[in-house]
Amino acid sequence: MTVPPRREPVRTCVGCRERAGKSELVRVVRRPAGQVSVDPTGRSPGRGAYVHRSESCVRQAVRRGSLARALKASLDEAEVSRLVHELGSGLGDER
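Residues in the sequence shown are numbered consecutively from 413, following my numbering.
Next comes the structure, spelled out in structure tokens:
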């Protein structure tokens with residue numbers, strides 16, 4: 413008897429609202445202490461939101477307010493710039 417392959421969880425990008433596999437998105441997390449950062453493992457404690465690895469999706473999520481709403485936190489421009497920098501080399505329109 414063969415074991416069927418595992419299905420990958422599907423998540424929605426808060427920037428463009430497209431559904432994609434969890435591995436195609438990056439998790440942004442608001443930690444219990446309140447700081448917002450990128451969670452490369454996808455397992456850090458705190459409230460999370462998923463976004464594509466493209467700067468356009470991150471900027472769109474911030475502009476629409478969907479990232480702040482999903483994280484239940486207010487984001488200033490410095491935090492947004494830091495998030496974009498943290499995503500660093502992973503950015504590029506990969507969508």
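C-beta atoms are modelled at their ideal positions from N, C-alpha and C, and glycine is treated no differently.
Quick caveat: nothing in here was measured; it's all calculated off a predicted structure.
Check	Outcome
Backbone secondary structure at Val440 - three-state DSSP	strand
Limits of the unbroken alpha helix (DSSP H) element including Arg494	Glu489 to Leu499
Per-residue burial, Val422 [other beta carbons within 10 Å of its own, 16 or more giving buried]	exposed
Asp451 to Val441 span [Cα, whole Å]	6 angstroms
Exposure of His497, with buried meaning 16 or more beta-carbon neighbours within 10 Å	exposed
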